[in-house]
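Trainee:
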Amino acid sequence: RHHRIISPNFGLLFDIDGVLVRGRMLIPAAKMAFEKLVDSQGQFVVPVVFVTNAGNCLRQTKADQLSHILGVPITLDQVIMSHSPLRMFKKFHDMCVLVSGQGPVLEIAKNVGFKNVVSIDMLRESFPLLDMVDHNRRPKLPSNPLGNLPKVDAVVLFGEPIRWETNLQLIIDVLLTNGSLGSVHQTQKRPHLPLLACNMDLMWMAEAHSPRFGHGTFLVCLENIFKKITGQDLKYDALMGKPSELTYHFAEYLIRSQAMQRQWKLPITSLYAIGDNLMTDIYGANLYNRYLEERVSRKNPKAVAKMAATTGSTTAVPQEDDMDNMWESELALPSATSCKSVLVCTGVYNPNAEVPSDANHCIKETVFHGHRDFRFDPALVEPGHIVKDVAEAVDLIFEQEKFVPK
-15 RHHRIISPNF GLLFDIDGVL VRGRMLIPAA KMAFEKLVDS QGQFVVPVVF VTNAGNCLRQ
45 TKADQLSHIL GVPITLDQVI MSHSPLRMFK KFHDMCVLVS GQGPVLEIAK NVGFKNVVSI
105 DMLRESFPLL DMVDHNRRPK LPSNPLGNLP KVDAVVLFGE PIRWETNLQL IIDVLLTNGS
165 LGSVHQTQKR PHLPLLACNM DLMWMAEAHS PRFGHGTFLV CLENIFKKIT GQDLKYDALM
225 GKPSELTYHF AEYLIRSQAM QRQWKLPITS LYAIGDNLMT DIYGANLYNR YLEERVSRKN
285 PKAVAKMAAT TGSTTAVPQE DDMDNMWESE LALPSATSCK SVLVCTGVYN PNAEVPSDAN
345 HCIKETVFHG HRDFRFDPAL VEPGHIVKDV AEAVDLIFEQ EKFVPK
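FYI, the numbering for the sequence shown is -15 to 390, going by my numbering.
Structure representation (structure tokens):
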């Protein structure tokens, strides 16, 4: 009797920091989880995608790190960085963009499709009089600005930079001069240059006992400085990374592609997102689940969930119709009909012994750590399941799906 190939109808989205690793240290449960997910040939038994809000390296680099840490071969098309959805924003790809972040930012920008890129360091060198906070870095002599950089047309924020004062100053300069740094600030009311941001995490969990600042903290600074100077709200053309739906659309597409590549016959209808952060992993998975449920209930593949009313994320997402056309042309429509959230206790989320046993109550009482443009909705930060660690999460999902890998 032939062994029939077991065709899964679900896929897994793994957060990385706080779920699989803390800094560079592997969380022991991750080893156990991946022993269950991979067969004797080193092939995954279900489609798996790693969804991280990190944005300071290339997808290939992250795939190599994961392969090394987990001891399982991971390919770049199993990895979504916070900047991965930028490849869908083709209308910005020919513009001259200023990029902020750390690591190989120019290479990352070119890799996702930008053809004309300027870094903060390039701006500093061309306009040495602008970066004045650090007295030791001020220009010693009057200098002739090179001024040969093209006018900046848009700003892309990849992740937390290293010198916040330099980045904050120069990004504000670019926004207030409309990209012409030689000119004077104009603070009167008018639209500023397009701004795209990746990774809204306020905090993230490394080796330290308490969470560390994330890119979301940098965005809070930028938004508040802009508002204080101009009296207006900073507007994003797009926010990506979890909990943005864009990221989950992209993840769903990669899960679908993996299943096709492996010639698994069943359509992937359920997604499970495993994470340690209520505000990113759980909110994002639940938000995407709400979108999928609305699509199913309409039974109309063209219908786009009008989410703005429920999430307040109007400013975070370009016009829904544009988005839908973009997703459709780039990614085709989802086969998934649900995305369930699973919270682990090995990272940011800390099920403290002192809090009341009713988890829902505690979650609702906490301070909202989400981004300004995502409204607090208690239902969206309620995990489908809370488990100790990622090994328990995989056991639970296999049990829910009655899945027994051969």
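Built from N, CA and C at the ideal position, the CB exists for glycine as well. Nothing here was measured: the structure is a model prediction, and the numbers come from that model.
Can you check DSSP and say which residues form a bridge with residue 1?
Mentor: Per the DSSP secondary-structure output, residue 1 pairs in a beta bridge with 5.
Trainee: Taking the alpha helix (DSSP H) that residue 475 falls in, what are its first and last residues?
Mentor: The question about residue 475 has no answer here: the residues shown for the chain are numbered -15 through 390.
Trainee: Which same chain residues end up closer than 7 Å to residue 240 when comparing Cβ atoms and leaving out the 5 residues on each side of it in sequence?
Mentor: 252 and 319
Trainee: Check each candidate in 315, 334 and 365 and name the one with the smallest Cα separation from residue 262.
Mentor: That would be 365, whose Cα lies nearest to the Cα of residue 262.
Trainee: Report, in whole angstroms, the separation of the C-beta atoms of residue 183 and residue 134, which I expect to be a contact under 8 Å.
Mentor: 27 Å between Cβ atoms; not a contact.
Trainee: Given a threshold of 16 other Cβ atoms within 10 Å of its Cβ, counted over all protein chains shown, does residue 355 qualify as buried or as exposed?
Mentor: buried
Trainee: Looking only at C-alpha atoms, which of 1, 323 and 136 sits nearest to residue 395?
Mentor: Here the chain covers residues -15 to 390 and nothing more, so residue 395 does not appear.
Trainee: Check the C-beta distance from residue 203 over to residue 181 and give it rounded, since I have them as a contact under 8 Å.
Mentor: 6 Å
Trainee: Mind listing, in chain order, the continuous alpha helix (DSSP H) runs of no fewer than 4 residues lying wholly within the region 102 to 177?
Mentor: Runs of the alpha helix (DSSP H) spanning 4 or more residues and lying entirely within the region 102 to 177 occur at 104 to 110 and 148 to 160, in chain order.
Trainee: Is the CB-CB distance between residue 236 and residue 72 below 7 Å?
Mentor: Going by C-beta atoms, residue 236 is not nearer than 7 Å to residue 72.
Trainee: Once the 5 residues before and after residue 303 are set aside, which same chain residues still bring their CB inside 8 Å of it?
Mentor: Any reading at residue 303 needs caution, since the residue's pLDDT is 46, under 50, leaving its predicted position unreliable; the model's value is listed next. Excluding sequence neighbours, residue 303 sits near nothing in its chain.
Trainee: What first and last residue would you give for the beta strand (DSSP E) that runs through residue 83?
Mentor: 80 to 84
Trainee: With residue 51 as the anchor, note down where its alpha helix (DSSP H) starts and where it stops.
Mentor: 43 to 54
Trainee: With 16 other CB atoms within 10 Å as the buried threshold, where does residue 43 fall?
Mentor: Per the 10 Å Cβ criterion, buried.
Trainee: Could you tell me whether the region 64 to 78 touches the region 88 to 105, using the rule of 3 or more Cβ pairs below 8 Å?
Mentor: yes
Trainee: According to the Cβ coordinates, are residue 2 and residue 332 closer than 7 Å?
Mentor: For residue 2 and residue 332, yes; Cβs fall inside 7 Å.
Trainee: Just verifying my parser: in three-state terms, what is the DSSP assignment at residue 32?
Mentor: Looking at residue 32 - three-state DSSP - the assignment turns out to be strand.
Trainee: Can you tell me whether residue 328 is helix, strand or coil according to DSSP?
Mentor: Residue 328: strand per DSSP, three-state reduction.
Trainee: What is the DSSP secondary structure of residue 256, counted as helix, strand or coil?
Mentor: strand
Trainee: Taking only runs that begin and end inside the region 186 to 252, name each unbroken beta strand (DSSP E) of 3 or more residues, in chain order.
Mentor: Runs of the beta strand (DSSP E) inside the region 186 to 252: 222 to 224.
Trainee: Suppose you measure from the CA of residue 212 to the CA of residue 162; what does that come to, to the nearest Å?
Mentor: 18 Å
Trainee: Looking only at DSSP bridge pairs, what is residue 322 linked to?
Mentor: 254
Trainee: Could you work out which residue in 246, 166, 227 and 146 is closest to residue 28 when comparing CA atoms only?
Mentor: 246
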